[in-house]
Amino acid sequence: MSIFESPARSGHQRAVRRLAQPAATIGLVAILLGVPFWLVIVTASKNQAEALNPNLALPSHWQLFQNFAEVLNQGRMVPAFFGSLLILVPSVAGVLILGSMAAWVFGRRAGKRVAAGYALAISGIVLPPAVVMIVLLLKEIGLEGTPLGMIGVYMGMYLSTVIFFVTGFVRTIPRELEEAARVDGASPARVFFSVILPLLGPTLATATILISLFIWNDVFYALFVIGGRLDTLPLNLYQVASAGLYLNNWQSIFAYIILMTLPLLVVFMVMQRRIISGITSGAVK
Amino acid sequence: MGTSQVRVRSSTREADAPSTGRRRRQDHPATFLVPALVVLVVFYFVPTVLNFVYAFTDWSSFKSAINYVGADNFISLFSNGTLLSDLRTTLIFAILVAIFQNLFGLVLALLLEKDTRVNRAARVAFFIPVMMSALAVGYIFQALLKPDGALNAILGFVSGHAVSTAWLGSTTWTIVVVSLIQAWKWMGLAMLIYLAGLKTISEDVLEAARLDGANWWETLRRIRLPLLAPAVTFNVATALLGSMNGFDTVQASTKGGPGGTTELLNIFIFRTFGQGLFAQATTMSLALFVMVALLAFPVIRVLRRREEVL
Amino acid sequence: MKNSWKSAAVLAAAAALVLSGCSNPDSGSSTSGSTPWAAENTSLKGVNLTIWGGNGASAQMEGVVSGFEKLTGATVKIVAIPDPYEQNIQTKVATGDKPDLAFWQPTASMLTAINAKTNLQSLDGAPWVSKYSGNFKDITGLLDNTRYAALITTPAVEGVYYNKDLFTKAGITTTPKNWNEFIADARILKAQGITPFFEMGGDRWATQWWVQVQLADAAKAGLWDKVNNNTEKFTDPTILNAIKTYQSLINEGLFNADIKTATLADQAAAMLNDKAAMVLQVNNFFNTMQATATTDVLNSKVGFFPISPTGNVGTFIPDQTNALVAFKTGDAKREAAARQLLSYMLGGGYADFVNAVHTVSLETTVPTPSSVPDALTAVAASLADSVGSMQALAVANPDLYINLADMIQGTKTPEQVAQTTQDQFAQLAKAQGVKGF
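Protein chains in written order, with numbering that gives the first Met the number 0: chain A, 0 to 284; chain B, 0 to 309; chain C, 0 to 436.
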């Protein structure tokens, strides 16, 4: 039941109430999101001279797709896309599996040592790791500048977030389900993979989106760990942004940003049904 | 019958009865912790601890040798007023973001909870800022909030006379503006978490309350908000802690200005590191870590305890 | 609980013990001994070089790079390093990640900041040094009498760019010959309703020029040497009064109304659109105008004169785009190839470079292209009797511009600016091991 559904006296009042919510929604979207997004799209459609001072005015001549083509080329976006993907997929998979395994134990077991372990495990959300030390460490173990090293770094950074997030949800899964499987003779691994993991589906989908957007947009750690050796989307943004000799090329920057955000948008649109609609059916009954 | 007496089905108790202790431990073997801990130790703990060790040296970019200097860095750091004022700025920023982000996120979640097409589209739209890089957000708001930028143009249009407020140029209020920008970027995420939380609330409970005559506001206050406790924990904790470590959006929009009034500690650390004073920068991140830890654990304890009250 | 703490403590102690005998992780292996300078066209097939640069570096270097690749068969990649440029490079070098060549500010303080002695190749004995005209080979690129940076474009000069049309309108027929005339002219302009000065308080970095040009005479008399051995401080009258004068000029209303938020782009637009008469800036400002106006327009509208307390002495400040440094990477072949690229750039490839980038030539045998605006030629000419800036002469580079920008915003007094700058300077000098700190 939402505020907009309380019984109303007349048909007219009911109609107003029914329209109030979508109207409010659309209004909010227009103000809070429409203006900034308009700025981005309009600037990305201008030529450099007009885009110098980004504003809401329409371009004299729409060249959005022309700018897209230019940045795809100049920023080597296709190799960068695959570079980003190469890092993203294993990092997310690794962090979800390892993280939920650990979260399961933290969520079910008690005791001082487990609590201490939990505190340590989530300490990663308190402070991001020092970049210089990480690179020096990677050098020591021979992973400097490699995709595997970058994956390790991201996993180290985001495991704590996943553990923190999933532990809470693990506790909402009824123990009876685990008991039932155990009674049937399943090993802990079996219980985890066939009972717990599926039920964590929506949670893991949310975590996927969360971690993906951090990794997809990360430029700071990528710069120092694999900068110059592997093309990723955020790193190549700088190649594009610095192409203008003395002036900013906002039209290229914003065009690049639009293209770079699209894959995440697609992932989200696909995942959001699972999260929102999926949670109501099956997660907790 | 008061709605506060309705109990939730899912079990949140964790204490194991001692007599079944051994069997329970085998059911959730510690070996499942090992892979995660290995990754954490190698890629997180070791670099972090090493980093803090360097705080006690004179490591810099100017020379190759590194010597132990004891607590020198800490002493000179605390006698320098910049550290304390930046710590204060960072704390204010973090609290403001936690409030704004959660408020907006909750309001959005409540507004968009029904699965209508408009709502689904709006949810995606509000999530777009979350997906954009912080750099992009900084650029956009710089352009929008300039004295001759879009916001002033709109305000001028609405009010009828020219508006030329420098939104990013006030030494008192810009910290609030950048908190709002940060909240704008992340409110879609808070919204998502709250939506997920709202959806897990069993319909039976709400039906029972409705039958008792509770209206929308009462069900919100007495049933749904308390049951959203895990979501609140996550959102408040990550907003608070994430902003304590905040850097990107503020660096991109104000670079710590005007007059240093939005200089978060991380911006100062980065500047010091960039001057070649590596040991001093490390000392500052140690100070930041201690402060965040002092803040984090009590906050998380309080929030987790709220969850368990039910 | 106790176990985890104990192991953490043990780990930390072990690390500390290891480190006490440790040296800086970024100390590269040095290829010492004399550095032979190969001929420009020596074949370099199979050699890959990387050049790090900031904004605009790839546009600046692409002609040279393709010429060099064709001549020698080497492959050269230009990598853009995001802002803040120097900080990111220092951090990368701290992690042991080095390029073959990089754009770097050739002042002694910045060469110290990158630990030139350990990280950079010495360029002494290079065949192109004798090609420099005037005093170019002596004024910058050197640290402790060793050459580490190759100057490729004229060092920037802090001076006044003025709008010729507005000067004529106000009846000012000759450019000021000293500071007092400079301020008098500003007051004349103000009386006629023209904004005399335009400052970019929003982007901040140009605020320091106002203090530095006032110190030109003192600098010639050895001010920075005294600051370098702590016998003179930023809080002493010489520098403090320069800061106070800047503040009083702002308070007098001689600057643009939006000084607190103005940007570099605003500054360039103001000069071109007749909104302000004078801007105290460096070459970068002029380059920004070049991107939106033609040489003819610039020649007719914008002029340049340096200013100092008692005359027209410019204060030079070499910036990051003016020079390249070559790193010690431990790979002798690449190190030699890097030096070879410098030889080519300042040798056979220099004429093409100068023409492609439209810049003033540093060499006696290569003429400056006619496409270079008059103002830039005037800037280059002023280098002959110019004096070094804080960046060029002081051992360390405190954030004077940020502190001055804070003063413009109203969060610092001139005394506080001086004190904060002095504290930063002392901290950096101490970290370098400079005597007296």
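Beta carbons: idealized from backbone N, C-alpha and C, even for Gly.
The structure displayed is predicted, hence computed values, not measured ones.
CA-to-CA distance, residue j to residue i, given in whole angstroms
i	j	result
B/Met-290	B/Asp-247	20 Å
A/Ala-120	A/Val-161	10 Å
C/Tyr-160	C/Ile-138	23 Å
B/Arg-119	B/Leu-239	28 Å
B/Trp-215	B/Ala-230	20 Å
C/Lys-69	C/Trp-51	20 Å
B/Asp-166	C/Ala-404	According to the sequence displayed, residue 166 of chain B carries Trp and not Asp. Taking the straight line joining both Cα atoms gives about 17 Å.
B/Val-33	B/Ala-228	30 Å
C/Lys-434	C/Pro-305	34 Å
B/Gly-301	B/Asn-234	Reading off the sequence, residue 301 of chain B comes out as Val, not Gly. About 14 Å.
A/Gln-271	C/Leu-271	52 Å
C/Ile-151	C/Ala-336	18 Å
B/Arg-209	B/Arg-223	13 Å
A/Ala-115	A/Ala-56	57 Å
B/Thr-56	C/Thr-49	33 Å
A/Ala-221	A/Ala-185	42 Å
Close beta carbons around residue i, own chain, < 6 Å, minus the five adjacent residues each side
i	result
C/Leu-399	Gln-207, Thr-420
C/Lys-136	Val-128
A/Phe-105	Tyr-117, Thr-166
A/Ile-133	Val-152
Buried or exposed by the 16-neighbour rule on C-beta atoms within 10 Å, applied to residue i
i	result
C/Asp-318	buried
B/Ile-74	exposed
B/Ser-132	buried
C/Ala-276	buried
A/Pro-201	buried
A/Ser-251	buried
C/Leu-165	buried
B/Asp-114	exposed
Same chain only: Cβ atoms within 8 Å of residue i, ignoring 5 sequence neighbours per side
i	result
C/Lys-163	Ser-299, Lys-300, Val-301, Gly-302
C/Val-17	Because the pLDDT of C/Val-17 is 46, which lies under 50, any placement of that residue in the model is unreliable, and the number read from its coordinates should be weighed accordingly. There are no such residues.
A/Phe-219	Val-130
C/Asp-273	Asn-162, Asp-164, Leu-165
C/Gln-59	Gly-52, Thr-320, Val-356
Helix, strand or coil at residue i [DSSP, three-state]
i	result
A/Ile-150	helix
B/Phe-61	coil
C/Gln-280	strand
C/Lys-76	strand
A/Val-182	helix
C/Thr-172	coil
C/Asn-321	helix
B/Val-68	coil
A/Ala-118	helix
C/Asn-23	Unreliable placement is indicated for C/Asn-23, whose pLDDT of 48 sits below 50; the coordinate value is still reported in the next sentence. Of the three classes helix, strand and coil, the one that applies to C/Asn-23 here is coil, per DSSP.
C/Phe-233	coil
C/Gly-159	The residue asked about is misnamed: residue 159 of chain C is Val in this sequence, not Gly. DSSP places C/Val-159 in strand when its eight states are reduced to three.
B/Val-33	helix
B/Phe-55	coil
Cβ shell of residue i (< 7 Å), same chain only, five flanking positions each side left out
i	result
B/Ala-182	Val-96, Phe-99, Gln-100, Phe-103
C/Asp-184	Ile-171, Pro-175
A/Leu-263	Ser-211, Leu-212, Trp-215
Boundaries (first-last residue) of the beta strand (DSSP E) holding residue i
i	result
C/Asn-47	47-52
A/Val-70	Premise fails: A/Val-70 lies in the alpha helix (DSSP H), 63-73, not in any beta strand (DSSP E).
C/Phe-303	301-304
C/Phe-102	100-102
C/Ala-256	Looking at the DSSP string, C/Ala-256 is not in any beta strand (DSSP E), and its letter there is neither H nor E.
C/Ala-149	148-150
Range covered by the alpha helix (DSSP H) that runs through residue i
i	result
A/Thr-171	Neither: A/Thr-171 is in no alpha helix (DSSP H) and is coded neither H nor E.
A/Asn-235	232-240
C/Phe-315	No alpha helix (DSSP H) holds C/Phe-315; the beta strand (DSSP E) holding it covers 314-316.
A/Ala-101	76-107
C/Thr-420	413-431
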